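Residue numbers (my numbering): 12 to 417. I have placed the structure first, in the form of structure tokens, so that the comments after it can refer back to it.
Right, dumping it as structure tokens:
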């Protein structure tokens with residue numbers, strides 16, 4: 012049990028004297044007890060070292076030491092969320108309660124009370140406008156809501172993305188087409204298994220039906236199964252606001268997505284990806300401002316390289332034209348001639364695209380299209396003249412991308 016319920020429906024860290032449930036590995040059951048102490052220093056026992064912060068729980072059978080709950084640090088985050096005037100937080104379930112165990116359809120599942128029976132009790136209550144679900148809540152509770160409530164299920168932040176696990180046991184669940192969902196995935200989460208980060212994200216995307224156009228995934232490379240407090244504190248409220256906006260407008264909240272990435276970037280210790288469905292079955296990736304600037308710089312560099320390469324091609328053609336061997340072959344009819352008119356038109360088109368691209372570089376910070384490509388190789392036809400080949404070079408050095416004369 013990581014947190015205890017506080018007066019008014021909030022949550023707080025466990026304290027001495029709190030009544031708790033502790034899982035017995037040997038008895039395969041929950042045992043009632045009381046927090047006897049919280050260790051301020053590591054404790055050396057004959058067979059183990061109990062770390063600092065561990066709970067000393069007094070049971071009917073004696074004492075039991077439980078490692079410090081990793082979710083305890085996040086109780087403060089939820090308490091801060093409760094104080095946020097934009098939200099009215101209500102805690103519906105908590106870790107360590109009698110129902111906090113998998114249903115019978117799961118391996119080593121249990122008969123009621125379990126998470127499925129708990130979800131059955133909740134569907135008749137007011138679930139509010141938004142849901143926050145953790146590990147098992149995403150695996151069991153949210154899919155139950157979807158089966159029973161369908162499109163009436165409130166938008167949900169799903170920490171660990173339990174609803175997007177391909178081999179999730181239990182009854183088959185149809186992901187509602189209209190469900191608005193934000194998955195928070197961690198690169199250090201054991202839910203990832205042996206999959207690479209890219210495979211993990213791709214697998215989650217495949218669980219979203221192609222008809223759904225309101226799902227987002229925030230993958231944070233450094234996030235553990237229990238999100239670090241600084242990470243959750245940085246993004247949780249932003250995830251909720253993004254869901255509210257998406258539900259109200261029916262369109263992806265691009266501005267909120269950018270705020271989430273900017274917040275992570277500002278923290279300086281997180282990296283990852285934000286993907287979302289721009290329309291039914293159409294996935295796009297939102298880039299952070301720094302990433303977008305890098306992409307823009309790469310496109311500009313590519314455009315310059317294209318111009319340089321084209322000028323080199325033209326210079327080589329000029330040198331070839333001046334070669335006696337080339338002129339002799341042409342006069343003897345040994346080589347086909349170049350269709351200068353067609354090639355000039357291709358060059359003019361390339362220059363126009365390049366100048367348009369340069370304008371976009373100056374006015375658009377998030378380029379969505381690739382830079383213009385070089386014109387095709389000149390088409391050669393017999394019987395043409397090469398007296399004025401190659402075409403003038405001056406159009407290629409005009410504009411902001413001036414690269415100087417040859």
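All C-beta atoms in this analysis are idealised placements derived from N, C-alpha and C, irrespective of residue type, glycine included. As the structure is a computational prediction, the values presented were derived from the model and not from experiment.
Expected contact under 8 Å - CB spacing of residue 284 and residue 245 to nearest Å: Along the chain shown, read from residue 1 onward, the residue named residue 284 stands at position 273. Along the chain shown, read from residue 1 onward, the residue named residue 245 stands at position 234. Residue 284 to residue 245, Cβ: 16 Å. No contact.
From which residue to which residue does the beta strand (DSSP E) around residue 234 run? Taking the chain shown and counting its residues from 1, one reaches residue 234 at position 223. 226 to 235 is the span of the beta strand (DSSP E), which, as asked, contains residue 234.
Excluding the 5 residues preceding and the 5 following residue 128 in the sequence, name in chain order all residues of the same chain whose CB lies nearer than 7 Å to its CB. Residue numbering aside, residue 128 sits at position 117 when the chain shown is read from its first letter. Closer than 7 Å at the Cβ level, and outside the excluded window around residue 128, lie 110.
Let me check understanding here. Comparing Cα to Cα, which of 202, 286, 272 lies closest to residue 219? As a first step, residue 219 must be located in the chain shown, where it is residue number 208. Measuring from the Cα of residue 219, the nearest candidate turns out to be 286.
Nearest-angstrom Cβ-Cβ length linking residue 172 and residue 196, presumed shorter than 8 Å: Position 161 of the chain shown, counted from the first residue, corresponds to residue 172. Position 185 of the chain shown, counted from the first residue, corresponds to residue 196. Rounded, the Cβ-Cβ distance is 5 Å, consistent with contact.
Could you compute how far the alpha carbon of residue 267 sits from the alpha carbon of residue 138? The residue you call residue 267 lines up with position 256 of the chain shown. The residue you call residue 138 lines up with position 127 of the chain shown. The alpha-carbon atoms of residue 267 and residue 138 are separated by roughly 24 Å.
Find out if the Cβ-Cβ distance for the pair residue 100, residue 112 is shorter than 8 Å. Looking up residue 100 in the chain shown gives position 89. Looking up residue 112 in the chain shown gives position 101. Not a contact, by the Cβ cut-off of 8 Å.
Beta-carbon separation of residue 291 and residue 221 under 8 Å? As a first step, residue 291 must be located in the chain shown, where it is residue number 280. As a first step, residue 221 must be located in the chain shown, where it is residue number 210. Yes.
Taking the straight line between their C-alpha atoms, what separation do you get for residue 31 and residue 145? As a first step, residue 31 is located in the chain shown; it is residue number 20 there, counting from the start. As a first step, residue 145 is located in the chain shown; it is residue number 134 there, counting from the start. For residue 31 and residue 145, the distance between alpha carbons rounds to 20 Å.
Residues that residue 170 bridges to, as DSSP identifies them: On the chain shown, position 159 is the one that residue 170 refers to. Bridge partners of residue 170: 195.
By the DSSP assignment, the beta strand (DSSP E) with residue 117 in it spans what residues? Here residue 117 refers to the residue found at position 106 when the chain shown is read from its first residue. It is not in any beta strand (DSSP E) - residue 117 carries neither H nor E in the DSSP assignment.
How would you call residue 190, buried or exposed, if buried means at least 16 neighbouring beta carbons within 10 angstroms? Reading the chain shown from its first residue, position 179 is the one you call residue 190. Buried, because 16 or more other Cβ atoms sit within 10 Å of the Cβ of residue 190.
Excluding five sequence neighbours on each side, which residues of the same chain lie with their C-beta closer than 6 Å to the C-beta of residue 405? By 1-based counting over the chain shown, the position of residue 405 is 394. Note that residue 405 scores a pLDDT of 35, beneath 50, so its modelled location is shaky; the value from the coordinates is reported in the next line. So the list is empty, once near-sequence residues are dropped.
If you run the structure through DSSP and keep just helix, strand and coil, what is residue 290? Working through the chain shown from its first residue, we reach residue 290 at position 279. It is a strand residue.
Buried or exposed (CB count within 10 angstroms, at least 16 for buried), residue 317: The residue you call residue 317 lines up with position 306 of the chain shown. The residue is buried, with at least 16 neighbouring Cβ atoms inside 10 Å.
Quick one: what's residue 283 bridged to in DSSP? Reading the chain shown from its first residue, position 272 is the one you call residue 283. Answer by DSSP bridge pairing, in chain order: 231.
Alpha carbon of residue 70 to alpha carbon of residue 42, nearest angstrom: Against the chain shown, residue 70 aligns to sequence position 59. Against the chain shown, residue 42 aligns to sequence position 31. Looking at the two C-alpha atoms, the distance is approximately 7 Å.
When you compare only the Cα positions, how much space is there between residue 263 and residue 188? Translated into positions along the chain shown, residue 263 becomes position 252. Translated into positions along the chain shown, residue 188 becomes position 177. Cα-Cα distance, rounded: 15 Å.
Measuring CB to CB, does residue 67 end up less than 8 Å from residue 92? By one-based count along the chain shown, residue 67 stands at place 56. By one-based count along the chain shown, residue 92 stands at place 81. No, these two residues do not count as a Cβ contact at 8 Å.
How long is the line joining the alpha carbons of residue 160 and residue 178, rounded to whole angstroms? The sequence position of residue 160 within the chain shown is 149, counting from 1. The sequence position of residue 178 within the chain shown is 167, counting from 1. Cα-Cα distance, rounded: 23 Å.
Sequence-distant residues of its chain with Cβ nearer than 6 Å to residue 230 (five each side left out): Residue 230 sits at position 219 when you count from the first residue of the chain shown. Cβ neighbours of residue 230 beyond the five flanking positions: 196, 212, 283, 284.
Candidates 87, 52, 156: closest to residue 132 by CA position: For the purposes of this step, residue 132 is taken as residue 121 along the chain shown, with counting starting at 1. The candidate whose alpha carbon is nearest that of residue 132 is 156.
For a test of the three-state rule: what should DSSP assign to residue 133, helix, strand or coil? One-based indexing of the chain shown puts residue 133 at position 122. Residue state, collapsed to three classes: helix.
Can you give me the Cβ contacts of residue 45 inside the same chain, cut-off strictly under 8 Å, excluding the 5 residues immediately before and after it? For the purposes of this step, residue 45 is taken as the residue at position 34 of the chain shown. Hits under 8 Å: 28, 29, 30, 31, 68, 69.
Contact defined as beta carbons within less than 8 Å: I believe residue 228 pairs with residue 194. What is the distance between those atoms, to the nearest angstrom? Here residue 228 corresponds to residue number 217 of the chain shown, with the count starting at 1. Here residue 194 corresponds to residue number 183 of the chain shown, with the count starting at 1. Right, the Cβ-Cβ distance comes to about 5 Å (below 8 Å), so this counts as a contact.
Could you check where the alpha helix (DSSP H) with residue 103 kicks off and where it finishes? For the purposes of this step, residue 103 is taken as residue 92 along the chain shown, with counting starting at 1. From DSSP, residue 103 is part of no alpha helix (DSSP H); its letter is neither H nor E.
If you follow the beta strand (DSSP E) that residue 142 is in, where does it begin and where does it stop? In the chain shown, residue 142 corresponds to position 131, counting from 1. Per DSSP, residue 142 belongs to the beta strand (DSSP E) from 142 to 144.
Run the CB neighbour count on residue 259, radius 10 Å, all protein chains shown included, and call it buried at 16 or more, exposed below. For this step, residue 259 is matched to residue 248 along the chain shown. Exposed, because fewer than 16 other Cβ atoms sit within 10 Å of the Cβ of residue 259.
Residue 166 vs residue 116 beta-carbon contact at 8 Å: Start at 1 with the first residue of the chain shown, and residue 166 comes out as number 155. Start at 1 with the first residue of the chain shown, and residue 116 comes out as number 105. Taking 8 Å as the Cβ cut-off, residue 166 and residue 116 do not qualify as a contacting pair.
Measuring only the C-alpha atoms, how far is residue 134 from residue 26? Counted from its first residue, the chain shown places residue 134 at position 123. Counted from its first residue, the chain shown places residue 26 at position 15. Rounded to whole angstroms, residue 134 to residue 26 spans 32 Å at the Cα level.
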